[in-house]
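Contents: one structure, followed by commentary.
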Amino acid sequence: MAEPAIDLPPLIEDLEAEIDDLETTLSPLLSTPLTTTLSTLPLLDKAKLHILVAYAIESLLYAALQASGANAKEHAIFAEIARLRTYFGKVKNAESADDRPDRPKTRVDKDAAARFIRHGLAGNDRFDLERKERLAKEK
Numbered sequence: 216m217a218e219p220a221i222d223l224p225p226l227i228e229d230l231e232a233e234i235d236d237l238e239t240t241l242s243p244l245l246s247t248p249l250t251t252t253l254s255t256l257p258l259l260d261k262a263k264l265h266i267l268v269a270y271a272i273e274s275l276l277y278a279a280l281q282a283s284g285a286n287a288k289e290h291a292i293f294a295e296i297a298r299l300r301t302y303f304g305k306v307k308n309a310e311s312a313d314d315r316p317d318r319p320k321t322r323v324d325k326d327a328a329a330r331f332i333r334h335g336l337a338g339n340d341r342f343d344l345e346r347k348e349r350l351a352k353e354k
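This is the structure:
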């Protein structure tokens with residue numbers, strides 16, 4: 216059974232148009248060094264950009280493997296793409312964790328802190344003397 220003939224010139228023209236659009240969209244990002252761009256971003260945005268750059272590179276390699284006829288799903292690139300997807304999820308969780316009002320607040324256990332300080336200062340003669348005097352006054 217013969218495969219139907221595919222008219223390639225229109226597909227190539229579409230690909231060229233898409234590449235031109237991509238270059239226009241990416242030109243602000245590509246015109247400055249990555250370190251300069253990253254230095255102006257907040258922490259979560261830095262993480263997103265690192266992940267997106269790595270994902271774009273890995274996706275291009277994956278597409279090249281598929282185009283060459285190799286089994287790209289068996290290649291290590293596929294595992295890297297899956298790993299990067301988990302990072303997308305982690306960043307998303309970090310963003311949503313900041314927005315949750317029911318997030319538990321940190322609290323200090325004053326009794327435990329006093330025990331730590333007391334035991335840390337044990338053996339300090341001046342502290343021991345002051346403590347004995349204070350306890351004697353309280354009684």
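Numbering (my numbering), first residue to last: 216 to 354. Here a beta-carbon is modelled for each residue, glycine too, at the ideal position from N, C-alpha and C.
query: DSSP three-state call for Ala294: helix, strand or coil?
result: In the displayed model, Ala294 falls within a helix according to three-state DSSP.
message: With the cut-off set at 9 Å, would you say Ile292 and Glu273 are in Cβ contact?
response: A contact, by the Cβ cut-off of 9 Å.
- prompt: In terms of residues, what are the limits of the alpha helix (DSSP H) holding Thr251?
  reply: Segment Leu249 to Ser254, the alpha helix (DSSP H) holding Thr251.
Helix, strand or coil at Lys354 [DSSP, three-state]: Three-state DSSP puts Lys354 in coil, outside helix and strand.
field: Nearest-angstrom Cβ-Cβ length linking Leu299 and Ile266, presumed shorter than 8 Å
entry: Separation of the CB atoms of Leu299 and Ile266 is rounded to 6 Å, and the pair is thereby assigned contact status at 8 Å.
- prompt: With Leu264 and Leu276 assumed to form a contact (beta carbons below 8 Å), what rounded beta-carbon distance in angstroms separates them?
  reply: Not confirmed; about 19 Å, so no contact.
- prompt: For Asp262 versus Val306, is the C-beta distance shorter than 9 Å?
  reply: The question names Asp, but residue 262 is Ala in the sequence shown. In this structure, Ala262 sits near Val306, with a CB-CB distance shorter than 9 Å.
query: Is Leu336 closer than 9 Å to Phe342 when the C-beta atoms are compared?
result: Yes. Within cutoff.
message: Quick check: what's the CA-CA separation for Thr301 versus Ala294?
response: Distance between the alpha carbons of Thr301 and Ala294 is about 11 Å.
- prompt: Excluding sequence positions up to five away, which residues of its chain have a Cβ less than 7 Å from the Cβ of Leu259?
  reply: So the qualifying residues of the chain are Val306, Ala309 and Glu310.
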